[in-house]
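The opening position of the sequence shown corresponds to residue 165 in my numbering, with each subsequent residue numbered one higher.
Each residue gets a CB set at the ideal place from its N, CA and C atoms; glycine is no exception.
Fair warning: this is a prediction, and the values are worked out from it, not measured in the lab.
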Amino acid sequence: MPTEEELKQEAETTETEATVAEPENKPEETEQSNEKTFTQADIDRILADRLEREKKKQAETAERLKKLEEYEKAEEERKKAEMTEAERLKAEKEEADKKAAEAAEEAKKALEAANKRIIDTEIRAIARSLNANDPSDVLALMDKSGVEINEDGSVKGVEEAVSALKEAKPWMFKAPVGADAAGGSNPAKTNDNTEIAAKERELVEAKEKALKDNRFAGAVTKIYNELIALKSKK
165 MPTEEELKQE
175 AETTETEATV
185 AEPENKPEET
195 EQSNEKTFTQ
205 ADIDRILADR
215 LEREKKKQAE
225 TAERLKKLEE
235 YEKAEEERKK
245 AEMTEAERLK
255 AEKEEADKKA
265 AEAAEEAKKA
275 LEAANKRIID
285 TEIRAIARSL
295 NANDPSDVLA
305 LMDKSGVEIN
315 EDGSVKGVEE
325 AVSALKEAKP
335 WMFKAPVGAD
345 AAGGSNPAKT
355 NDNTEIAAKE
365 RELVEAKEKA
375 LKDNRFAGAV
385 TKIYNELIAL
395 KSKK
């Protein structure tokens with residue numbers, strides 16, 4: 165934009181050009197010049213008009229810049245607000261997903277616990293029906309890999325698993341005895357009774373060891389078979 169000094173110089177140049185004198189070789193000629201001359205007042209007015217126009221342009225430019233800045237600021241705040249809302253929604257979704265996952269995990273654990281109680285109860289019932297000495301021992305030692313809950317809530321595979329345990333570890337179940345043990349009329353010999361009683365005590369001790377260490381399971385089976393053989397002689 166031209167400065168005030170430049171405008172003044174331009175006005176002075178205009179005045180000079182407008183008031184150029186006639187050629188010196190014709191001093192006698194006094195014809196009226198057709199070109200318009202400018203007074204100082206005219207020059208001041210022209211200068212003032214140009215300055216006013218420049219000020220108006222500057223004001224309009226400043227106004228446009230102000231509006232642009234306001235628009236950019238409003239746009240930035242809008243974007244920040246939208247980002248904040250998106251972040252809030254994202255956080256809420258993550259929290260909801262977390263709670264849903266926790267609820268699903270709790271439900272899974274509750275179902276597993278309920279199924280375990282049902283299976284344990286069924287195992288104890290079957291163990292008692294097969295004359296287990298201690299259903300809790302059967303529950304602790306039997307193979308449960310084939311036991312499962314059906315869709316209708318019933319338990320499958322318990323009787324097979326308990327029967328397999330009874331076959332592998334018969335000493336964990338009460339063995340049937342002969343007619344004498346069932347109340348027959350022929351009394352057993354004193355020596356046989358003493359030997360049987362000793363073998364039964366030995367079997368009890370062996371069972372206690374086997375419950376703590378499976379390496380004694382073979383000894384329990386051996387003593388159990390010996391006890392059955394002694395009782396069969398009565």
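Rounded to whole angstroms, what is the Cα-Cα separation between E241 and L229?
Along the sequence shown, read from residue 1 onward, the residue named residue 241 stands at position 77. Along the sequence shown, read from residue 1 onward, the residue named residue 229 stands at position 65. The alpha-carbon atoms of E241 and L229 are separated by roughly 18 Å.
So, A291 versus D307, is the Cβ gap smaller than 9 Å?
Residue 291 sits at position 127 when you count from the first residue of the sequence shown. Residue 307 sits at position 143 when you count from the first residue of the sequence shown. No, the Cβ-Cβ distance between A291 and D307 is not below 9 Å.
Could you tell me whether the segment 279-293 touches the segment 319-328, where touching means 3 or more Cβ pairs closer than 8 Å?
yes
Would you list the residues sitting across from K320 in a DSSP beta bridge?
Mapped onto the sequence shown, residue 320 falls at position 156. According to DSSP, which records beta bridges pairwise, K320 is partnered with E312.
With DSSP as the reference, please indicate the residues paired to F337 in a beta bridge.
Your numbering for residue 337 matches position 173 in the sequence shown. Beta-bridge pairing links F337 to A296.
What is the DSSP secondary structure of F202, counted as helix, strand or coil?
Here residue 202 is taken as the residue at index 38 of the sequence shown, counted from 1. Correct three-state label for F202: coil.
Within 10 angstroms of its Cβ, does A381 collect 16 or more other Cβ (buried), or is it exposed?
In the sequence shown, the residue the question calls residue 381 occupies position 217. It counts as buried.
Quick one: what's got a C-beta closer than 7 Å to W335's C-beta in the same chain, skipping five residues either side?
For the purposes of this step, residue 335 is identified with residue 171 of the sequence shown, where counting begins at 1. Once the five neighbours on either side are set aside, the close Cβ partners of W335 are L367, K371, V384, T385 and Y388.
Note down the Cα distance separating A205 from L215, rounded to an integer number of angstroms.
On the sequence shown, residue 205 is found 41 positions in, with the first residue counted as 1. On the sequence shown, residue 215 is found 51 positions in, with the first residue counted as 1. When rounded, the distance between both Cα atoms is 15 Å.
Tell me whether M306 sits in a helix, a strand or coil according to DSSP, three-state version.
If you number the sequence shown from 1, residue 306 lands on position 142. In this structure, M306 counts as coil in the three-state DSSP scheme.
Given a cut-off of 9 Å, decide if F337 and E393 are closer than it, judged by their beta-carbon atoms.
What you label residue 393 is simply residue 229 of the sequence shown in a count that begins at 1. What you label residue 337 is simply residue 173 of the sequence shown in a count that begins at 1. Looking at the sequence provided, one finds Ala at residue 393 rather than Glu. The Cβ atoms of A393 and F337 do not sit closer than 9 Å to each other.
Is D213 helix, strand or coil by DSSP?
Counting from one through the sequence shown, the residue named residue 213 turns up at place 49. Residue state, collapsed to three classes: helix.
Whole angstroms is fine: what's the gap from K363's alpha carbon to S309's?
Residue 363 sits at position 199 when you count from the first residue of the sequence shown. Residue 309 sits at position 145 when you count from the first residue of the sequence shown. Straight-line Cα distance between these residues: approximately 34 Å.
What runs of the beta strand (DSSP E), each 3 residues or longer, lie entirely inside the segment 215-295?
none
Could you check what DSSP says for D301 in three-state terms: helix, strand or coil?
As a position in the sequence shown, residue 301 is number 137, starting the count at 1. D301 falls in the helix class under three-state DSSP.
Look at K376 and A339 and say whether their C-beta atoms are less than 9 Å apart.
Numbered from its first residue, the sequence shown carries residue 376 at position 212. Numbered from its first residue, the sequence shown carries residue 339 at position 175. No, these two residues do not count as a Cβ contact at 9 Å.
Close Cβ partners of S374 (< 6 Å) along its chain, the five nearest in sequence each way excluded
Here the question's residue 374 lines up with position 210 in the sequence shown. Looking at the sequence shown, residue 374 is not Ser but Ala. The residues are F380, A381 and V384.
Integer Cβ distance of I287 from V302, believed to fall under 8 Å:
As a working mapping, residue 287 is identified with position 123 in the sequence shown. As a working mapping, residue 302 is identified with position 138 in the sequence shown. The Cβ separation is near 7 Å, so the contact holds.
Would you give the residue range spanned by the alpha helix (DSSP H) that N389 belongs to?
Position 225 of the sequence shown, counted from the start, is the residue given in the question as residue 389. N389 -> alpha helix (DSSP H) spans A381 to S396.
My understanding is that K330 touches L294, with C-beta atoms under 8 Å, so please give their C-beta distance in whole angstroms.
On the sequence shown, residue 330 is found 166 positions in, with the first residue counted as 1. On the sequence shown, residue 294 is found 130 positions in, with the first residue counted as 1. Indeed, because the Cβ distance is near 6 Å, the residues count as touching under 8 Å.
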